[in-house]
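So the structure is just underneath, and the comments pick up after that.
Residue numbers (my numbering), protein chains in the order written: chain Z, 516 to 630; chain H, 493 to 602.
This is how it looks when you write it as structure tokens:
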């Protein structure tokens with residue numbers, strides 16, 4: 516158990532819909548990361564928040580957005596869903612802002628299936 | 493764009509055999525990490541290598557960072573069924589972003 520909690524574990528929704536994935540980081544961790552994992556693309560970095568502020572952006576689509584709240588939990592919002600958005604979405608956390616030299620702890624992921 | 497290529501993509505070997513998987517790039521990384529991911533779980537960090545030429549051992553696993561800090565290898569001695577999983581390498585670039593390879597899916601047959 517990494518200490519990172521993600522909900523829901525599984526989600527099935529229709530194309531065009533919007534979903535919200537939720538993440539609670541490890542106690543004391545200020546950074547939250549979101550990743551998307553698919554068979555063809557592998558693990559892709561989407562976005563990082565540190566202490567409530569966006570710190571780094573990766574391959575995140577404009578249809579997707581995220582935020583980190585004052586209690587440090589984070590949400591990833593996926594809208595206008597397409598079949599290709601079906602993937603495993605991971606949240607991860609770490610104590611500090613920098614990725615280099617840091618251990619990043621991953622949650623168990625949220626499986627999203629778009630039908 | 494920084495890319496990490498992992499090879500082989502799939503590897504299935506008998507228990508007790510040795511194996512090496514590779515992680516290659518044309519880019520230089522500040523550090524390189526190896527993760528193992530099991531079905532239904534998130535990746536778990538195994539090791540971080542920082543210095544060119546660095547070798548780290550974790551029981552039967554030996555990790556090496558290339559001299560130029562562009563590539564890395566993971567060698568497993570006397571593989572066991574518990575080693576089965578997806579092995580991911582991840583490089584941290586100068587922009588402090590982590591780039592993951594697509595992984596090597598390893599299956600150890602009892």
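Think of the CB as a built atom: it goes at the ideal place given N, C-alpha and C, for glycine as much as any other residue.
Pairing residue 599 of chain Z with residue 508 of chain H, the inter-Cα distance amounts to about 40 Å. The beta-carbon of residue 535 of chain H is placed less than 9 Å from the nearest beta-carbon of chain Z. Here the C-alpha atom of residue 584 of chain H lies approximately 10 Å from the C-alpha atom of residue 540 of chain H.
Contact between residue 601 of chain Z and residue 592 of chain Z does not hold, since their C-beta atoms are separated by about 16 Å, which reaches or exceeds 8 Å.
Contact of residue 520 of chain H with chain Z by beta-carbon distance below 7 Å is absent, the smallest such distance being about 13 Å. Residue contact check for residue 580 of chain H against chain Z: a CB pair falls below 9 Å.
Inclusion of residue 552 of chain H and residue 524 of chain H in the CB contact set at 9 Å is not warranted, their separation being larger than that value. For the 9 Å CB-CB criterion, residue 588 of chain Z and residue 537 of chain Z form a contact.
In the DSSP assignment, residue 508 of chain H falls outside any beta strand (DSSP E), carrying neither H nor E. Annotated as proximal: residue 578 of chain Z and residue 594 of chain Z, with beta-carbon spacing under 9 Å. With 16 or more neighbouring CB atoms inside 10 Å of its own CB, residue 583 of chain Z falls in the buried class.
Leaving aside the five residues that flank residue 542 of chain H on each side, the residues in its chain whose CB is nearer than 7 Å to its CB run, in chain order, 523.
Cα atoms of residue 604 of chain Z and residue 575 of chain H: separation of roughly 24 Å, rounded to the nearest angstrom.
With fewer than 16 neighbouring CB atoms inside 10 Å of its own CB, residue 616 of chain Z falls in the exposed class. Excluding sequence positions up to five before and after residue 535 of chain H, its CB lies within less than 6 Å of the CB of 527, 529 and 580, all in the same chain and listed in chain order. Taken through DSSP and simplified to helix, strand or coil, residue 577 of chain H comes out as strand.
With fewer than 16 neighbouring CB atoms inside 10 Å of its own CB, residue 630 of chain Z falls in the exposed class. Interface flag for residue 613 of chain Z against chain H is set, since a Cβ pair is found closer than 9 Å. Between the C-alpha atoms of residue 521 of chain H and residue 533 of chain H there is a straight-line separation of about 27 Å. Residues 557 of the same chain have their beta carbon placed closer than 6 Å to that of residue 546 of chain H, with the five preceding and five following residues left out of the count. Shown here, residue 600 of chain Z sits in a helix according to DSSP, grouped into three states. For residue 497 of chain H, the three-state secondary structure derived from DSSP is strand.
The C-alpha of residue 568 of chain H is placed about 28 Å away from the C-alpha of residue 550 of chain Z. Leaving aside the five residues that flank residue 549 of chain H on each side, the residues in its chain whose CB is nearer than 8 Å to its CB run, in chain order, 555.
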